[in-house]
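When we follow the working numbering, the leftmost residue of the sequence shown carries the number 14, and every step to the right adds one.
We treat Cβ as the ideally placed atom computed from N, Cα and C, and that holds for glycine.
None of these values were measured; they are calculated from a predicted model.
One structure is given below, encoded as structure tokens.
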Amino acid sequence: MKALLGVTGGIAAFRACELVLQLCRAGHEVRVVMTEGAQRFVTPLTFETLSRNPVAASLWDQPAHGAVEHIALAQWPDVIVVAPCTANVLGKIAHGIADDMLTTVVMASLPQTPVVLAPAMNTKMWQNPIVRRNVQILESLGGKYRLVAPRESLLACGDYGEGALALVEDIVAAVTAALPAGP
14 MKALLGVTGG IAAFRACELV LQLCRAGHEV RVVMTEGAQR FVTPLTFETL
64 SRNPVAASLW DQPAHGAVEH IALAQWPDVI VVAPCTANVL GKIAHGIADD
114 MLTTVVMASL PQTPVVLAPA MNTKMWQNPI VRRNVQILES LGGKYRLVAP
164 RESLLACGDY GEGALALVED IVAAVTAALP AGP
């Protein structure tokens, strides 16, 4: 199966490296799309090496072969995974904002392609009524968007609370559950 991983700009971006490895070990072909913020935490080269595929990072760096990259990427996967999914990207997806490579790919994805979102943020952000409403919006859209809830843990800011990225094995399990059953 083909999995497209979206990596956003939170401290948990480094955990997406292990997610790529686990998805590859599970037999998935993995491609990665990174936001500008994600590239401040982990380099595209890391994901290119782990996935053995080029990384898409900008709407404006189109491949030489003339394809419209965000459309080609949106039509390619069997599942899209966004991990970590920041409050910013969660809100953009909930409201149909497509202003970077990742959000444009998600908005252009095929209706039958599930999108697994693994939020990661500070507890106060996760509990914010606006973020909670955005989660409700996505959950109300008939199953296309599936959330892997953050877990309680020590957070980067030093607080302990809900908001840490779900365990990689839980994200992999959600990806597997989201995939259509084989023939």
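Measuring straight from C-alpha to C-alpha, what distance separates residue i and residue j?
| i | j | result |
| --- | --- | --- |
| G156 | E61 | 30 Å |
| L17 | T99 | 17 Å |
| V46 | H83 | 10 Å |
| Y173 | K15 | 35 Å |
| N141 | C170 | 17 Å |
| H108 | A190 | 25 Å |
| A69 | A96 | 15 Å |
| A51 | V148 | 21 Å |
| E49 | A25 | 15 Å |
In or out: residue i buried (at least 16 other Cβ within 10 Å) or exposed?
| i | result |
| --- | --- |
| D113 | buried |
| K105 | buried |
| R145 | exposed |
| L32 | buried |
| R53 | exposed |
| V81 | exposed |
| R65 | exposed |
Just tell me which of the options has its CA closest to the CA of residue i.
| i | options | result |
| --- | --- | --- |
| L151 | P142, Q140 and L130 | L130 |
| N101 | L36, I93, W139 and V128 | W139 |
| D183 | H41, P193, L167 and P163 | P163 |
| V185 | V148, L103, L167 and H41 | H41 |
| V161 | A177, K137 and A187 | A187 |
| P90 | V43, C30 and N135 | V43 |
| P57 | L103, L180 and G22 | G22 |
| L86 | T117, T59, V20 and K137 | T117 |
Tell me the DSSP secondary structure of residue i in three-state form.
| i | result |
| --- | --- |
| K157 | coil |
| E182 | helix |
| E42 | strand |
| V102 | helix |
| V119 | helix |
| A169 | coil |
| A70 | coil |
| I143 | helix |
| R28 | helix |
| A187 | helix |
| I93 | strand |
message: Tell me whether the stretch 106–125 and the stretch 24–36 touch, counting them as touching only if at least three CB pairs, one residue from each stretch, are closer than 8 Å.
response: These segments do not touch.
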